[in-house]
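Visitor: Submitted below is the structure of interest, expressed as structure tokens.
2 protein chains.
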Amino acid sequence: MTLSANLAAAKAALAHLEIDDNPVSVRAKSRDFFWYSPVLKARLDHISADFVVAPKSEAELIEVLRVAYAHNIPVTTRGAGTGNYGQAMPLAGGIVLHTRHLSAVTAIHPGRVIVQPGCLLRDVDATCKAHSAQELRMFSSTWATATIGGFIAGGSGGVGSCTWGALRDLGNIIRLRVVTMEAEPRVLEFTGEELHRVSHAYGTNGIITELEMPLAPAYDWVEMFVTCETFPEAARIAADLGREDGILKKLITVFEAPIAQDYFQRVAPHLAPGQAVLGLMIAPHAMDGFLTFAARYPGAKVIYRSDAHDWPRDPGPVFEYGWNHTTLRALKVDPTITYLQVRYAAPDHLEKIEAIRAKLGGEVLQHLEVMKENGATMFAGLSLVKFTTEARLDEIVRIHEAMGCMVFNPHRYTLEEGGRQSVDDRQLAFKREADPKGLLNPGKMIAWDEPGFDYKNVYAYKGMKRP
Amino acid sequence: MTLSANLAAAKAALAHLEIDDNPVSVRAKSRDFFWYSPVLKARLDHISADFVVAPKSEAELIEVLRVAYAHNIPVTTRGAGTGNYGQAMPLAGGIVLHTRHLSAVTAIHPGRVIVQPGCLLRDVDATCKAHSAQELRMFSSTWATATIGGFIAGGSGGVGSCTWGALRDLGNIIRLRVVTMEAEPRVLEFTGEELHRVSHAYGTNGIITELEMPLAPAYDWVEMFVTCETFPEAARIAADLGREDGILKKLITVFEAPIAQDYFQRVAPHLAPGQAVLGLMIAPHAMDGFLTFAARYPGAKVIYRSDAHDWPRDPGPVFEYGWNHTTLRALKVDPTITYLQVRYAAPDHLEKIEAIRAKLGGEVLQHLEVMKENGATMFAGLSLVKFTTEARLDEIVRIHEAMGCMVFNPHRYTLEEGGRQSVDDRQLAFKREADPKGLLNPGKMIAWDEPGFDYKNVYAYKGMKRP
């Protein structure tokens, strides 16, 4: 690989830092879980950075940004690369800034933790639990491998959202410390309304170097699988359980048959054909309340609980069947599977889901996650889709939208297309201020590159490296 | 005082226990806060037990019940006597069973506490906080003086209900241990659906001797007063704050003007005429989120926060202005004040309250408490009423009901009239089993004494001691 003069100069200027320029590992560190999407797979598979830098301190990180700015080198920041939207992929090449060494838990207080972005979610929880029996309010199903910085920069919610709502909700992020991409990078502290400028921005307008997050008490959650004979009953139970204010829970997931039968190898032997499955995490002191609740639904049967079971093969954490791990498990068995993210809002969410099932059953399998939204419960659908063509996938999206179900399209690599298909003015305004050269994670914010884009077709970033 | 032969025999049989038969203190221990209601005051002021027994163990308590059963003596159980419905008052005389010595915190685990009924709410919290930074999910505003047994036997919710819902909701009581009133009292353990048989039953069908309650993390709650220029804005803020899933809170109270101006002596100097006031408890790590939320309401102004203020006179705990402490403070200033308990359910609760204000403004002042109910937020109204006559008070109740607002009438001493004006079959069935002679807190369960009662007029217990 020959580097451009600028790249070579930047690399030389950073030579005293930890640099990886081995093409095989650079390519590996330039990828995330974009391949969940056949659409993204077709477009991004060739993407690779020119080299990777892993700063060991905020000062080193600032140095990387200062040098990259001086030499006009794009910088794409990466945690563990477990995102699904290609958000950690350097479309225009340049530098991947790897946060692995910025992994310290800096301080723990009652109800909050201060932590660096490269700390694994699992390590945040382990440290907080050992310190004071606390844990993060919510995490992605990739808890064991994902970083907290990646979760905040690229995620929207997850395990815990059935109680606490989404990351964007007030109170679910306390403070973010962010470094800008300027001749002389600035270090800024964001709280309150300003958090939205940089959370879930894919690192397009600043690099998070410290996070202050709220904590909840850490309990030995009882993880369960519950079967129901029909999907509507399972969905009804999930919705009802979401509204039980006195039953403390961390996960309420619904799987339509045959998701669990076909894709959950250690669960399938315990299922009858056609059964819908609930995956749950309930606080131990709420188990009496939960079992009382469950007994009100004659069709519901607890087939597994993590604190008392005789399954010959331990299924592992139940949350590793939910959220996007459902898709991952399906993909491992059937490579033609992909997924959609659908918002089913109360009060008619159950009816909408049945209408979608009636229309798309067989091709689209329902996987629901209960979330709190504005004080009510709703479903985030991470529907499994049997992929045939991009055209058909787009049609399925349109069918959902025509039936009043908003889709957050995971087959797009831009913030806007994966979100509400509209510009986030706060993020754009801050990018103008913090990344005037447009070097941070280029190609991910349409509003920056092509403000007049009409969203009729897939956005194609013109600066993308050629295959 | 001359005792009947039965009473004298019972007293003699219990002579080795702690007995109080001093008429002055027996009368004091036969009263609760029934005098909040002029209606109850007129009917119950003369009530007094024959003597008081304070057992020092469950074994002694069983002995009291066994002896009372043998001699046909009514037994009314009492905590601290801070209830408002006359629920601890021995209408037919007999024995008051005082739980003051049954006050041990037996065990504390992550998320739950096991405690005896006579333990003060304040002491439960202090013990749990010292042990493992935990506290009760909810408590009455009489936290400093009330017992946990009285709260469960006579309360329905309180400070904390804006997050956790009501005591009757699944998960908010884990287990109750109950002794029956039979020739040989039995000791029963109730969980799940069976909890409803004995919780909020005023001790009419069994005596609670142990409680297992869920705990939440104990935080140094930031207590606040916030002013708004208008009541509808304050109510709107309260409703909106109740729906903020990421902002951890323990109290959201709204006071219409001039409640705070006229009745809150240490708050009034900081208020302008006509301002509505919010009383709040917010977790310290949620304060950033709360202040961001509050800034969205231009009219809202934080005038006091417990962690940073310059008020010359500390107002004390903000929760001691809410729930029924509002009524207490009003009564101290204006003895003609009484109150109603009104349920304003979503989604049109704000509109209903405005309709009531339009109709009854001046005579009825709005005091609202945010509660969770079936996953949504609602208001429990503890409206202040300027009392004139019983007839007018009844009319005010009817006006509320005609406008679609359910009233839990605090001017009644029976379970049914103070509740939903219907028999609780589970409580009645258990009383048949556990108190076959009808000796426990007689006169409080209409279904037991007069099953055909039509609720058209105030129930008058025929067995009540004459003045």
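Top to bottom, those sequences are chains H and A.
Counting from 963, one number per residue, gives the positions in the first sequence under our numbering.
Counting from 963, one number per residue, gives the positions in the second sequence under our numbering.
A virtual CB, placed ideally from N, CA and C, is assigned to each residue, including glycine.
Nothing here was measured: the structure is a model prediction, and the numbers come from that model.
#1: Listing by chain order, which chain H residues have their CB less than 9 Å from the CB of residue 1074 of chain A?
#2: From the DSSP secondary-structure annotation, give me the bridge partner or partners of residue 1070 of chain H.
#3: Based on Cα-Cα distance, which residue from A:1369, A:1400, A:1337 lies nearest to residue 1125 of chain H?
#4: Ends of the alpha helix (DSSP H) at residue 1225 of chain H?
#5: Would you please state the rounded distance, in angstroms, between the beta carbons of residue 1000 of chain H and residue 1063 of chain H? I believe it to be under 8 Å.
#6: Under 9 Å between the Cβ atoms of residue 1248 of chain A and residue 1339 of chain A?
#7: Please report the distance separating the alpha-carbon of residue 1185 of chain H from that of residue 1177 of chain H.
#8: Using a beta-carbon distance below 9 Å, is residue 1215 of chain H in contact with chain A?
#9: From this set, A:1148, A:1206, A:1004, A:1110, which residue's C-alpha is nearest residue 1045 of chain A's C-alpha?
#10: Does residue 1226 of chain H come within less than 9 Å of chain A when only Cβ atoms are used?
#11: Is the CB of residue 963 of chain A under 9 Å away from at least one CB in chain H?
#12: With distance defined between alpha-carbon atoms, name the residue in A:1161, A:1122, A:1154, A:1238 nearest to residue 1181 of chain A.
#13: For residue 1329 of chain A, report the span of its beta strand (DSSP E) as first-last.
#14: First and last residue of the alpha helix (DSSP H) that includes residue 1172 of chain H?
#15: Assign residue 1134 of chain H to buried or exposed, taking buried as 16 or more other Cβ atoms, counted over all protein chains shown, within 10 Å of its Cβ.
#16: Starting from the C-beta of residue 988 of chain H, find all residues in its chain whose C-beta is less than 8 Å away, skip the five residues before and the five after it, and write them out in chain order.
#17: DSSP three-state label for residue 1406 of chain A, please.
#18: From this set, A:1272, A:1214, A:1025, which residue's C-alpha is nearest residue 1245 of chain A's C-alpha?
#19: Quick one: which chain A residues come within Cβ less than 7 Å of residue 1338 of chain H?
#20: Please check the pair residue 1078 of chain A and residue 1172 of chain A, which I expect to be a contact at CB under 8 Å, by giving their CB distance rounded to whole angstroms.
#21: Looking at the unbroken beta strand (DSSP E) that takes in residue 1139 of chain H, where does it start and where does it end?
#22: Does chain H have any CB closer than 9 Å to the CB of residue 1206 of chain A?
#23: Measuring alpha carbon to alpha carbon, tell me which of H:1358, H:1203, H:1108, H:1308 ends up nearest residue 1085 of chain H.
#24: Ignore the nearest five residues each way along the sequence and tell me which others in residue 1235 of chain H's own chain have a CB closer than 8 Å to its CB.
#25: Just how far apart, CA to CA, sit residue 969 of chain H and residue 1411 of chain H?
#26: Among H:1392, H:1284, H:1034, H:1400, which one has its Cα closest to the Cα of residue 1343 of chain H?
#27: Taking residue 1186 of chain A as part of the alpha helix (DSSP H), name the residues at either end of that continuous run.
#28: For residue 1425 of chain H, count the other beta carbons within 10 Å of its own beta carbon; 16 or more makes it buried, fewer makes it exposed. Which is it?
#29: Where do the N-terminal and C-terminal ends of the alpha helix (DSSP H) with residue 1042 of chain A fall, by residue?
#30: According to DSSP, is residue 1084 of chain H helix, strand or coil?
#31: Would you report the Cα separation of residue 1429 of chain H and residue 1192 of chain H, rounded to the nearest angstrom?
#32: Could you pull the start and end residues of the alpha helix (DSSP H) that residue 1396 of chain H belongs to?
#33: With which residues is residue 1097 of chain H paired in a DSSP beta bridge?
#34: Can you tell me whether residue 934 of chain H is helix, strand or coil according to DSSP?
#35: Kindly say whether residue 1305 of chain A, judged by its beta-carbon, lies nearer than 9 Å to any beta-carbon of chain H.
#36: Spatial neighbours of residue 991 of chain H within its chain, please: CB distance less than 8 Å, with the 5 preceding and 5 following residues excluded, ordered by chain position.
Guide: Taking the coordinates as given:
#1: Below the 9 Å Cβ cutoff, chain H contributes 1246, 1247 as neighbours of residue 1074 of chain A, in chain order.
#2: H:1075
#3: A:1337
#4: 1221-1225
#5: 34 Å between Cβ atoms; not a contact.
#6: no
#7: 20 Å
#8: no
#9: A:1110
#10: no
#11: Because residue 963 of chain A sits at a pLDDT of 44, beneath the cut-off of 50, its placement in the model cannot be relied upon, and the point is left open.
#12: A:1122
#13: That run of the beta strand (DSSP E) goes 1329-1335.
#14: Counting along the chain, residue 1172 of chain H falls outside any alpha helix (DSSP H), though it belongs to the beta strand (DSSP E) covering 1169-1179.
#15: buried
#16: Taken in chain order, the residues that qualify are 982, 1010, 1011, 1012, 1013, 1014, 1058.
#17: coil
#18: A:1214
#19: Taking a Cβ-Cβ cut-off of 7 Å, the neighbours of residue 1338 of chain H in chain A comprise 1337, 1338, given in sequence order.
#20: The C-beta distance from residue 1078 of chain A to residue 1172 of chain A rounds to 6 Å, short enough to fall under 8 Å.
#21: 1137-1141
#22: yes
#23: Residue H:1108 is the option with its Cα nearest to residue 1085 of chain H.
#24: 1219, 1220, 1223
#25: In a straight line, the C-alpha of residue 969 of chain H is about 22 Å away from that of residue 1411 of chain H.
#26: H:1284
#27: Careful: residue 1186 of chain A lies outside any alpha helix (DSSP H), inside the beta strand (DSSP E) at 1184-1190.
#28: exposed
#29: Counting along the chain, residue 1042 of chain A falls outside any alpha helix (DSSP H), and DSSP gives it neither H nor E.
#30: helix
#31: If I take the Cα positions, the gap works out to 47 Å.
#32: 1387-1396
#33: H:1178
#34: Past the edges of chain H, shown from 963 to 1429, lies residue 934 of chain H, and the structure says nothing about it.
#35: no
#36: 982, 1011, 1014, 1040, 1043, 1058, 1060
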